[in-house]
Structures are given as C-alpha cells and as structure tokens.
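Below: the structure, in structure tokens.
Residue numbers (the working numbering), protein chains in the order written: chain A, 4 to 678; chain B, 1102 to 1507.
Quick look at the structure:
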C-alpha cells in the first residue's frame, strides 16, 4: 500500500548488520592471511636456524643497516600511513553504509557546478547500490594503504604504496570530496579546501618519487614553496570582498565563516568540544572582521615568507651539512637567503595556526558518525612539515645510491637491495661473509646456499608485513570491483525497505481473467512456467509504474531463465479496469513488447475474487485520491504453488531501491526455478 | 623497481582505473526508468454554468506540494441552493481536471497526467446522475479549461496535447475515437491567423462543434464547420466541407497573438473568452456566437501590468440566451485580487466588489457570482449579487487523503 514502507536511514539495522557481517568475514580472511604469513615467516626462520646449525654457522645476524631514509619522506610516509589507517578505522562507523552519501558526499557536492554533482552522483551509484560492500571495502582499502605505507620503508614496494595512495586519494577526492569543493562558492582553506585528500595525494606523490629525487633540497624547496603559494592564493581569496568572510553576521544571517563553524558545532560530539566551537562561532559572529583580518594576514605573511625561503634556497644543491637559517646564503649551504632564519618560526606559527583552525573551525573533522577524515589542516601541516624536513635535512647522494639508484656493485648497495622486499631469488646472495664473526671457521670453498637463506629476520618480517598489507588492500578492492560489476543493486536494500521475502509453500489460488488481446488466461494455463504475480492499477500515478519497471528489469536480469517465467499483473482498480486501460498502461511502460508479460483484467466480480483470494485490499479514495492497494509480488512455481511472497512497496523509490528490488525478485525467481 | 614490483603496482593501478570507470559508467547495468512526460501544468481554475448544471474545478489540499494538491470538481444543479463535491473517483487527479459539461447536464471529466501516469482517462456522468462511469481518452488531454466538450446526445470531443493538438471525438456509446480536426488543418482555413495550437472545444445544444485556437497575429481563431447544419451529427465527424473561421479580429494595438481561453455552449450557440497578448500587455475580450451566425465581441478589458488571469467563469443570465463571462485577476506582486465580468454582447465590463482574500476561482450562477476560497481541506464559498458586497454562503469539508499520491 502506498506509504507502507519508509525510507532507509543511516541507522537501518539490516544494512548495518550486513556491513558488520561483511567486515567480520573479510576480517576473518585477513586474519587467516596474517596467520599464514606468520607461520611462513616462522617456518623460514626455523629452516634458516637448522641450516645454519648444520653448517656450524651463527644464526640471527642482521643485514647491515639500510642507509637512512630521507627524513622528509620518512615523516610523510609514517604520518600519512597513520592518517590512512585512522581514516580506515573511521569507516568502521555504523552510519557509513547509508549515511555517507546523504550525510557527507552529496552535501559536499551540493554547491558545486552541475557537472560535478553529476559526476559525484554517478560515482555514488556504486555506493548507494551496494552500501554494505562499498563501506566494508573502503575500510580495508584505507587500512591496507596505511599499513603498506608504514611497513614498507624503502624500495619499490614503498614507492608503490605512494602510487596506491595517489590513486585511491584521487578517487576519494573526486567522487567523495567533489574535488574538495574547489569549484564551489565559499571556498576557503580554513574550512577544508582544497580537500583533505588532496594532501594525501600530494604526500603519495612525494613518497612515490624515486630516491634520487630526494637528493638535496629540491623536494623541500618545492614543497615549502608550494605551501607558500597555497597560503598566498587562499589568503587572497580569503581577503576577497563580497564573499561574506569579512562579516561575522549580516543582520540575523551569519557570515560565511560563522555559518560554517555553527554547522560544525551542531555535529554530534562531546559537549566540551561543541562548547568550544560554539564559543568561537559566537566570537566570529561578533568580531568577524577581526577574525578574517587575522586569517588573511597570517596566510599572506606565512605564504610570502615560505615562498621567499623556497626561492632563496634555489641555488642550493643539497649540502647535507648546510645550516638552516644562517641567512647569509653562502658557504655551509645556508638556505632561504635573507628569509632563511624565518623558516623555523614560520613553521611554528603554521603549526599553531593549523592546529587552532583544526580545533576551532574544522572541529577535528571526524565527529558525527560519518566523519571520514580529520579534515584538511592536519594533512596540510604534515605535508608542509615533510617539506620542512626535506629542506633542512636533505638526503645525501650516497644514501640515494645506496638505496638502489645507479650503483650496483658496492657492498652497501648490495645490502640495501637485500633489505628491499623482493619475492624473486636474487642473483647474488647476501654478502654475509663480510659480517661473519672473527672466530668463525676459516672460509673454505663457497657453500651452496638457497636463496631464502640470505633473507634475514627483519627483511622477512618486512616481506610478510608488506604482503599482508597488500592482502588487506586486495580484500577491500576485490568486493568493490565485484559490486561495481554487479548488474543490480544489493538486494539487502529492498529487504531493508520492505522486509525479507516470505518463503512459503501452498497452492496458489486459481484465477481466470482476460488478456489485452481478449484471450482468457487462467493460472492453470500457465502451469509449467514460474509465475511472478502482482496487482497493479493501470491508472496509478506512482507505485505501479515503478513496480512494473522493476519487474521489467528483473526479467532482464533473469537472462536465459526468463524463458521459464511469466510476469502476470492483475488489475487493481475497481473503476478503471478496461482492456484499453491495460493496453495504455502496457504501452506507457514499454511492456507491450515483453513477450512474457501479461496484464489481466476482467469483470469487477472476477477481479474482486482474485483480490480476495490473494489478500489484496483495493479501495478507491475520495476527493481525487489514488486507488489504494497492497503492493505485493507472489512467486508461484511451475506446479502452481506459492513459493515466495515479496512486499513490493517502492517506498523511497530511489534508483538503488528499485534496482535492488529487481535484483531481489530475479534472485528469488531463480531460486524457485531451481528448487 | 623489480619487474615483479612494477607488475604489482601496475596491477593495482589498473584495478583502480577499472574501478573508476565502473564507478562512472556502470555500463551494462539495467536501470529502472519509469517513463514520464513533461507535465503541462494544470489549467487555470474555471467554472461553467449550463442551463442544467454549474461546475467548478479548483485546487485544494497542500498547494505547495504537487503530490498533495488535489483538483476538486464541485457542481451545483440548476435550482440547488449550494455546491457539492463531485470529483470522480478512481484516479489520482494531482495533475489537474478538465470538465466538459453538456447543455443538458451530462458531464465528462478528464484527468490530466500526473507523476508517472502519462495518459489521460475520462469519467462520464449522465444528466441528473451522481454516478460516474470510467471512460478512455484518446491520449493525453490538453491542459486547457475547455479541452473537453460533451454534446447533447452524449458525444464527446477532446483536445489532445502534443503535436497538432488534434481534436478527437467519440460517438455516443462508442468506445473508439476518430479525428475531427488538427491545428494544421485549421491553419489552412484560417484566412489570416496561423494556428499554433487548438485550445478549446465546444459542442452547441444543436450538436455543432466550435473549435478555439491560439493564433499568431490579431485574428482570433474560432472555427466552425463550413456547413454547420451538415456537421451537427451525433458522431461529431470531421466536416466534409472543411472549416470556416468566424473571427473576430482584435483591434487593440500591440496584440501579437490571440488565444481562445474559454469556449462553452450556451443556450443558442457559444460563449467564449479571448486573450490578446503582446509584449508586456494583455487584454481580454468576450465573444458570443449564435449557431449559424458570426461572432459578436465585447470591448477589450486591459489586464493591468503585473496582473494575470487566475480564474475564469462562463454562465449567468439564466442560461436561456447568451451567457456572461467573468475573470479573476491577481497581482503578481501582492495578494490583490479583482473580479470583472461582462454580462453579454453589447454590455460593458463591470468590476465586482473586491473578492475575499484567497479566492482561487469564481462562478456565475444566475444573477449571482460565487467566489471559492479553499483552505487545505475546507472550501469557503462566498457570493455577491451583481456588484454588491460578498457574503459567505457555505463552507464544505473535503475528505482529502493526504499522502495517497506519494
């Protein structure tokens, strides 16, 4: 009956339950994978011990230490690894499957241009059609990326982690963040522009760069300079008149920033935090001009100084002993020209401003049950600090070479390569002889060693951890790809809307009615086919056309099985029940061309008997109302037994529930056919 | 990077790209797409009074929500003291109702498309009855107050929407429809006006069809069969002799198009209302025609700038000769309303007293003009005699079922 169902909300228990089940199943798979990896690692160590003992060699010697990872890269890798991990854990929130599109993604795109909203809507189809699978996949993808960044410090796997971070970051930034709102009005760095995930992407790019790129201060200069440019650009935008930032309020209407902060204060969160943010909103309402002035001055000043430092350091080629902030720009590799000495204070000011903005304006970014990340200020600060480290603690060329760039014959390079996780056997075994203890037996002819004997404990652990991280990542990617390839939405959406199909068994009441071509059709005449039976009002304005289309799509989803199925509708209108009404409806819905579709009508007595037999109440409403009737689908097997009763109320009738219902019907019909 | 590492990283990138492509295109996924047609918007509230019956259609319910806006038909048989709810059942009428009363009291009502219903259906009621019967429309009715007409023998004529806005007719008791005319055919007979659409149809008490159109230029498109006596068949067949335009021509300066807003059968022919429009201006003219004769037009009523037609009425004058017309005008910048009427050929436009606030429709019944003031499910009816003051005469509670169309 119209309005029987209600739209699903973020707390819908069946979808949340499916989400939790998916997480549990995938988590179990991951645990198995990790257990296998641990056992493999342990087995390897045992085999190495036994082999070493058999040879009388000491066991457990570590490979020479790796050359140090550039400080900036190390910081970015760990910081963004932790951020991805944190974001993945945020995706565990129960409100994610149903709440993310309506609570986060669509609002983020609401003020963007039409083409952005269109793109986001298209991207959202996967999520809204498969909310539980998509939400669970996102958890593992982000946890996987985070762990991969954390456990793979050097070499191709580490750079690969950067690439994966970039790819997923771009997906999230475009589809989930509507490009960080950069195409929407009200754009401001203070509230999250150009999108938190864009900083993840930048960090991913930096991590993915070859080691030789980290030699010297080039990365630092670019990053610090880029930070400066970003601050300058957004400072100018913040100062631009007419955007509502200079006013705390305009009459009773809050100014742009006040409204943003007010909105954040209303998010569900611990009351002390809400109180702090509300207080700042009140302060901004009263002193909007002053607050914006401070914001503009800080952004422009910091941006100018950081840009000047980056430009001033242009001649520096990366003397690792260089001092920072000497200001003389000569000898010793001093950087930043006259502004060099302002680098440390600038970074301190930037950190203070970012944290203040993060707390007072962005309100930590992740409260409310569907927060997906800690918003932009932390990742922005992390990128800037990574640049600072790259500028002040540049990597040496030797370190880069040692990490596998250019030199292959030195012991250091060999050791470095050995430390990189690699699956294939290495052509040259580890140069273990160089680290053999002094009281070891005199070397004889080189013993034949298997490739795995050269893998030390630390390296083996890294390999295991990296494979584990990749496994977690794939556990996330695989079901999402499967969901994307699916031809209909998750049937659980329809079940959440209307309840699970009633599995039953009993003889279907007989009927004998008239087809549009005048032929008499009875249930008995359909014996041998599985019958999908429903009741439709041919002049209905809402539910019936939707149900008809859902059944049309279900027929398509059945593929070859559709030949064994007859879709039958019986008129559910006591007034408009003529053959012409049925013909007009079939034409309207494009069902006149579907060979296994039958829309039957008859005398009022015949119809009433069918309605009564199938428990369908049909009632004409007064005063221009639509005829009310139950929206229900019976699946009757080839022998004339009712096997499924499915509530067909379209409810919220969005594309996901419609597609889901089609998928549900097709699945149930398939089951009945094969029973 | 080692070859294997490149392969793995490359594989991940490929997976991500595939994911993005699938996200964007979702190609091959059958989608549930419910066919829709662009809604025409309901016609302005209108009323008609024939010798046997007065009818009025107006919107009620929650007017800000299309799914909870219902168009209600009220009728008042000749001699009855008040209006009663007469909306035909069986179809949601959120898209609008079109009513074609016959001079003898029979009524045909047509449901306009709404939401996912893209075709129209009819309901018919014989003279003196309150029971409706379901009927089929030839397609989608035009959203015009007089897109339906019922002849004295029960024949029905309907103006359809869409290309050519054809007029289809159904003989009494028949179930099939046949073409009577199209806009293109009338253009050939227009003699000066270019017909852009057919806007109204009337069938006189003697069975002669009158067709009103929208024309570019100053010529008014009111057409009759070239030989009316030969055309007055119960089946309303297409006239073998073609169509003749009766006119008239609007002399007011600045008129670039004319539209026959109303066309209703009266005692001896038809009564109508024509709008002449041009850039930034609009005027109304009453028109009358006795069967077999030409058109008589009233003086023009200039619609003030910033005002528009909110409702129309035909009737009054006892129903035995020519009828009067009335128009409800509303200001776009305020809630101000005016009602002005003309009692018949050769009579001047006369302003009535300012109608009650919230009036959405008016009706002419005998010497009385009624104003309808809906408020959700309640209808307040006010009446004025001639140009006298308004007084409330009734209020009706309509059993609207909110949410029944959503």
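Quick reminder that beta carbons are idealized off the backbone N, C-alpha and C, glycines included.
Quantities reported herein were computed from a predicted structural model and do not represent experimental measurements.
{"Asked": "Candidates A:186, A:161, A:267: which alpha carbon is nearest residue 117 of chain A's?", "Found": "A:186"}
{"Asked": "Answer with yes or no whether the minimum CB distance from residue 1217 of chain B to chain A is below 8 Å.", "Found": "yes"}
{"Asked": "What alpha helix (DSSP H) runs, 4 residues minimum, are completely inside the stretch 523-571 of chain A?", "Found": "546-561"}
{"Asked": "Any idea if residue 458 of chain A is buried or exposed, counting beta-carbon neighbours within 10 angstroms, 16 or more meaning buried?", "Found": "buried"}
{"Asked": "Which stretch, first to last residue, makes up the alpha helix (DSSP H) that contains residue 92 of chain A?", "Found": "74-93"}
{"Asked": "For residue 1502 of chain B and chain A, any beta-carbon pair shorter than 8 Å?", "Found": "yes"}
{"Asked": "First and last residue of the beta strand (DSSP E) that includes residue 1374 of chain B?", "Found": "1370-1379"}
{"Asked": "Of all the residues that make up the stretch 616-639 of chain A, which are near chain B by a beta-carbon distance shorter than 9 Å?", "Found": "623, 624, 625, 626, 627, 628, 629, 630, 631"}
{"Asked": "Using DSSP with H/G/I as helix, E/B as strand and the rest coil, what is residue 1384 of chain B?", "Found": "strand"}
{"Asked": "Could you give the first and the last residue of the continuous alpha helix (DSSP H) run that contains residue 16 of chain A?", "Found": "16-58"}
{"Asked": "What are the residues in the stretch 1257-1288 of chain B lying within 9 Å of chain A by C-beta distance?", "Found": "1276"}
{"Asked": "Are any of the Cβ atoms in chain A nearer than 8 Å to that of residue 1242 of chain B?", "Found": "no"}
{"Asked": "With a threshold of 8 Å between beta carbons, is residue 218 of chain A in contact with chain B?", "Found": "no"}
{"Asked": "Of all the CB atoms in chain A, is at least one closer than 8 Å to the CB of residue 1173 of chain B?", "Found": "yes"}
{"Asked": "Looking at residue 535 of chain A and residue 571 of chain A, is the spacing between their C-beta atoms short of 8 Å?", "Found": "yes"}
{"Asked": "In chain order, which beta strand (DSSP E) runs of at least 3 residues are fully inside the stretch 185-215 of chain A?", "Found": "none"}
{"Asked": "Please determine, among B:1297, B:1305, B:1169, the residue with the shortest C-alpha to C-alpha distance to residue 1322 of chain B.", "Found": "B:1297"}
{"Asked": "What span of residues does the alpha helix (DSSP H) with residue 287 of chain A cover, start to end?", "Found": "274-289"}
{"Asked": "Would you call the stretch 164-180 of chain A and the stretch 31-50 of chain A touching, i.e. three or more CB-CB distances under 8 Å?", "Found": "no"}
{"Asked": "Are the CB atoms of residue 238 of chain A and residue 306 of chain A nearer to each other than 8 Å?", "Found": "yes"}
{"Asked": "Is it buried or exposed for residue 31 of chain A, if we count other Cβ within 10 angstroms and need 16 for buried?", "Found": "exposed"}
{"Asked": "Could you check if residue 80 of chain A is buried or exposed, using at least 16 other CB atoms within 10 Å of its CB as the buried criterion?", "Found": "buried"}
{"Asked": "Evaluate residue 3 of chain A with the Cβ neighbour count: other Cβ atoms within 10 Å of its Cβ, from every protein chain shown; 16 or more gives buried, anything less gives exposed.", "Found": "As displayed, chain A neither begins before 4 nor continues past 678, which places residue 3 of chain A out of reach and without an answer."}
{"Asked": "In this structure, how does DSSP classify residue 1497 of chain B when only helix, strand and coil are distinguished?", "Found": "strand"}
{"Asked": "Return the residues of the stretch 1457-1478 of chain B that lie within a Cβ-Cβ distance of less than 7 Å from chain A, sorted by chain order.", "Found": "none"}
{"Asked": "Nearest-angstrom Cα distance between residue 1495 of chain B and residue 1179 of chain B?", "Found": "17 Å"}
{"Asked": "With a 10 Å radius around its C-beta and 16 neighbouring C-beta atoms as the bar for buried, classify residue 616 of chain A as buried or exposed.", "Found": "exposed"}
{"Asked": "Taking 7 Å as the limit between beta carbons, can you name the residues of its chain near residue 492 of chain A, skipping five residues before and five after?", "Found": "132, 133, 659, 662, 663, 666"}
{"Asked": "Alpha carbons only, please: which of A:569, A:99, A:34 is nearest the one belonging to residue 369 of chain A?", "Found": "A:99"}
{"Asked": "Closer than 7 Å between beta carbons: that is the criterion. Which residues of the stretch 1301-1326 of chain B meet it against chain A?", "Found": "none"}
{"Asked": "What do you reckon, is the C-beta of residue 1344 of chain B under 7 Å from a heavy atom of the ligand SAM?", "Found": "Only the bare structure without any ligand can be found here, which leaves the ligand SAM out of the picture."}
{"Asked": "How big is the Cα-Cα spacing for residue 333 of chain A and residue 346 of chain A?", "Found": "Confidence is the limiting factor: at residue 333 of chain A the pLDDT is only 37, short of 50, which leaves the residue's position unreliable, though a coordinate-based value still follows. Using only the alpha carbons, I get a separation of about 17 Å."}
{"Asked": "Could you spell out the range, first to last residue, of the beta strand (DSSP E) harbouring residue 364 of chain A?", "Found": "Taken as a continuous stretch (DSSP letters only), residue 364 of chain A belongs to no beta strand (DSSP E), as it is neither H nor E."}
{"Asked": "Using a Cβ-Cβ cut-off of less than 9 Å, give me the residues of the stretch 1175-1209 of chain B that come near chain A, in sequence order.", "Found": "1186, 1188, 1189, 1190, 1191, 1192, 1193, 1194, 1195, 1196, 1198"}
{"Asked": "Between the beta-carbon of residue 1222 of chain B and the beta-carbon of residue 1192 of chain B, is there less than 8 Å?", "Found": "yes"}
{"Asked": "Does any residue of chain B have a CB that is nearer than 8 Å to the CB of residue 543 of chain A?", "Found": "yes"}
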